[in-house]
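Undergrad: Okay, here's the structure, questions in a sec.
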Amino acid sequence: MRTAPGSPASDEADRQTAVERSSAPAGGRDAYFDAAAAVLATAPVALDDGLLAEVLMRHYGLSGRIELLSSEVESTAEVLLPDSRRLILKASPRIEAIDSFRFQSAAISAVEKSHGFLSPQVIRTVRGDLMFRQDGLSGYLQTRLAGQPLRQTPMSPEAARDAGEALAHLDIALRDAHGLPAVDRPVLWQIGCWPRLAAFQRYLAPGRTADAVQAALWDYLATVDPRIGALDWQVTHNDPSPFNMLLAEDGVAFIDFGDGCRGPRIQDLAIAASHMVSDPALPLGGAESLIAGYASVCPLSPLETDLLVGLMKARQSALILINAWRSHLFPEHAAYINKNVARAENGLSILSRLDREAARTIVAEAASS
């Protein structure tokens with residue numbers, strides 16, 4: 001006899017099905033996950049200032065003061081030119097970085113003239129190329145945008161709505177950016193990796209957060225993952241976090257396209273909204289205004305409305321799990337790796353109070369406001 005949806009017996013059956021699915025052979029999905037995990041299991045290579053200065057002169061005809069910045073994978077440096085302009089130079093000797101830089105430079109170039117948001121501009125090499133290659137080293141140069149990261153800015157409902165509108169315009173621009181290279185390169189933050197993330201649960205200390213993460217993954221595998229194929233898929237930024245969104249004088253800006261890949265369009269909203277969940281007095285923790293702004297430009301379909309909170313919880317769980325694993329690998333970099341974890345843990349605790357019907361209703365109300 002079938003159990004009623006939402007009943008305890010049905011929920012347990014869903015969870016068992018999810019566990020079975022996550023442990024079943026997945027062919028290409030497993031190979032993708034393993035390749036993506038290998039990228040983040042390797043520490044970034046620190047490059048010498050002198051080498052970066054040589055790259056800057058040889059490929060761009062520029063010189064300036066170079067300051068290395070924190071970075072998860074590639075080497076990132078700020079370049080201060082004599083005329084006070086500031087640029088960002090990204091470089092790496094790793095072979096997999098070539099495809100990443102091909103994607104990043106092409107995606108930024110494709111959207112730089114779009115409206116409704118701000119983004120960096122790629123500086124072409126003296127040969128007119130979007131990126132450089134030199135003796136096993138590759139990378140690209142871009143402008144550095146002036147603005148305050150959202151993580152440093154008190155977010156009013158109006159500012160959150162503006163951020164949501166800007167994100168929707170970015171997704172429209174990325175949707176129309178055809179033929180971008182390396183969109184299917186291995187990226188551990190790509191949604192197809194979620195079913196394998198349960199393997200990282202052993203890096204979480206037992207307790208409330210670990211329980212919430214496990215429940216969110218069960219819910220995702222049972223109710224979201226089987227339906228994501230019916231969503232609208234396109235190239236997405238895939239990391240519009242408060243570290244990668246800036247409030248500038250002329251609008252909202254997006255930086256760091258390094259995790260960009262193909263995914264459901266709504267994934268960008270799920271990621272941005274998941275970072276906005278902070279106030280336990282509100283049903284969606286304060287993400288309502290951002291969702292409203294996004295939906296005013298890109299209206300949500302019934303399926304997107306139904307799946308959004310599940311995607312938000314899955315992304316929060318992915319952030320907690322991946323960073324717990326990477327902190328175990330690189331304890332000396334734990335502070336940087338875990339910069340968003342406390343926010344994700346708090347947000348997940350807030351969203352975990354909602355059942356599926358309540359979540360759907362609240363998202364629909366926010367999207368129509």
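For the sequence shown, UniProt numbering begins at 1 and goes up steadily by one. Just so it is clear, CB atoms sit at the ideal spot from N, CA and C, and this is done for glycine as well.
Do you know offhand how far residue 137's Cα is from residue 91's?
TA: In a straight line, the C-alpha of residue 137 is about 7 Å away from that of residue 91.
Undergrad: Which two residues bound the contiguous beta strand (DSSP E) that contains residue 339?
TA: No beta strand (DSSP E) contains residue 339, which DSSP labels as neither H nor E.
Undergrad: Per DSSP, what kind of secondary structure is residue 74 in: helix, strand or coil?
TA: In the structure shown, residue 74 sits in coil (DSSP, three-state: anything other than H, G, I, E or B).
Undergrad: Could you say which of 50, 72 and 208 lies nearest to residue 63 if we only look at CA atoms?
TA: Looking at the Cα atoms, 50 is the closest of the given residues.
Undergrad: Whole angstroms are fine: how far does the CA of residue 350 sit from the CA of residue 60?
TA: Answer to the nearest angstrom: the Cα atoms are 49 Å apart.
Undergrad: Excluding the five sequence neighbours on either side, which residues of its own chain have a C-beta within less than 6 Å of the C-beta of residue 121, listed in chain order?
TA: Once the five neighbours on either side are set aside, the close Cβ partners of residue 121 are 112 and 143.
Undergrad: What three-state label does DSSP hand residue 82 in the structure shown?
TA: Three-state result, residue 82: coil.
Undergrad: What did DSSP end up calling residue 261 once you bin it into helix, strand or coil?
TA: Of the three classes helix, strand and coil, the one that applies to residue 261 here is strand, per DSSP.
Undergrad: Just how far apart, CA to CA, sit residue 317 and residue 285?
TA: Computed Cα separation, rounded: 16 Å.
Undergrad: Can you grab the Cα-Cα spacing for the pair residue 117 / residue 241, in whole Å?
TA: One C-alpha to the other measures close to 15 Å.
Undergrad: Fully enclosed by the region 245 to 300, which alpha helix (DSSP H) runs are 4 residues long or longer?
TA: Segments of the alpha helix (DSSP H) lying fully in the region 245 to 300: 266 to 276 and 288 to 297.
Undergrad: Quick one: is residue 267 buried, meaning 16 or more other Cβ sit within 10 Å of its Cβ, or exposed?
TA: Buried, because 16 or more other Cβ atoms sit within 10 Å of the Cβ of residue 267.
Undergrad: Could you give the DSSP three-state label for residue 241: helix, strand or coil?
TA: DSSP places residue 241 in coil when its eight states are reduced to three.
Undergrad: Under the rule that 16 or more other beta-carbon atoms within 10 Å means buried, what is residue 367, buried or exposed?
TA: By the 10 Å Cβ count, residue 367 comes out buried.
Undergrad: Since I believe residue 262 is in contact with residue 232 (beta carbons under 8 Å), could you give me their beta-carbon distance rounded to a whole number of angstroms?
TA: About 11 Å separates the two Cβ atoms, so there is no contact after all.
Undergrad: Starting from residue 67, follow the beta strand (DSSP E) in both directions and report where the run begins and ends.
TA: From DSSP, the beta strand (DSSP E) with residue 67 extends over 65 to 69.
Undergrad: Going by DSSP, which residues form a beta bridge with residue 143?
TA: Its beta-bridge partners are 87.
Undergrad: As an exercise, report each continuous beta strand (DSSP E) stretch of at least 3 residues that is fully enclosed by the region 203 to 243, in chain order.
TA: Runs found: 233 to 236.
Undergrad: In this structure, how does DSSP classify residue 105 when only helix, strand and coil are distinguished?
TA: Reduced to three states, the DSSP call for residue 105 is helix.
Undergrad: Return helix, strand or coil for residue 122, following the three-state DSSP convention.
TA: It is a strand residue.
Undergrad: What do you reckon, are the CB atoms on residue 277 and residue 166 nearer than 8 Å?
TA: Cβ atoms of residue 277 and residue 166: not closer than 8 Å.
Undergrad: Quick one: what does DSSP say residue 93 is sitting in, helix, strand or coil?
TA: Note: residue 93 maps to coil in three-state DSSP.
Undergrad: State the beta-bridge partners of residue 371 as determined by DSSP.
TA: Because residue 371 is not part of the residues shown, which for the chain are 1 to 369, the question remains open.
Undergrad: Tell me whether residue 317 sits in a helix, a strand or coil according to DSSP, three-state version.
TA: Three-state result, residue 317: helix.
Undergrad: Can you say whether residue 361 is buried or exposed, counting buried as having 16 or more other CB atoms within 10 angstroms of its CB?
TA: Exposed, by the Cβ-count rule.
Undergrad: Specify the secondary structure class of residue 132 as computed by DSSP and reduced to three states.
TA: Residue state, collapsed to three classes: strand.
Undergrad: Which of helix, strand or coil does DSSP assign to residue 137?
TA: Of the three classes helix, strand and coil, the one that applies to residue 137 here is strand, per DSSP.
Undergrad: Using the rule of at least 16 other Cβ atoms within 10 Å of the residue's Cβ for burial, across every protein chain shown, is residue 335 buried or exposed?
TA: Per the 10 Å Cβ criterion, exposed.
Undergrad: Please tell me whether residue 123 and residue 150 are closer than 8 Å, where the distance is taken between their beta carbons.
TA: Against a cut-off of 8 Å, the Cβ pair of residue 150 and residue 123 comes out as no contact.
Undergrad: Rounded to the nearest angstrom, what separates residue 99 and residue 181 at their Cα positions?
TA: Roughly 8 Å between the two C-alpha positions.
Undergrad: At which residues does the alpha helix (DSSP H) containing residue 357 begin and terminate?
TA: Segment 356 to 367, the alpha helix (DSSP H) holding residue 357.
Undergrad: With residue 164 as the anchor, note down where its alpha helix (DSSP H) starts and where it stops.
TA: From DSSP, the alpha helix (DSSP H) with residue 164 extends over 157 to 175.
Undergrad: Report the rounded CA-to-CA distance for residue 25 versus residue 196, giving the unit in angstroms.
TA: For residue 25, the predicted model reports a pLDDT of 35, less than 50, meaning its position is unreliable; a value from the coordinates is still stated below. C-alpha separation (whole angstroms): 11 Å.
Undergrad: Taking the beta carbon of residue 184 as the centre, do at least 16 other beta carbons fall within 10 Å, making it buried, or is it exposed?
TA: Exposed is the call here.
Undergrad: Would you report the Cα separation of residue 281 and residue 209, rounded to the nearest angstrom?
TA: Distance between the alpha carbons of residue 281 and residue 209 is about 19 Å.
Undergrad: Out of 258, 72, 216 and 359, which has the shortest C-alpha to C-alpha gap to residue 332?
TA: Of the candidates 258, 72, 216 and 359, the one whose C-alpha sits nearest the C-alpha of residue 332 is 72.
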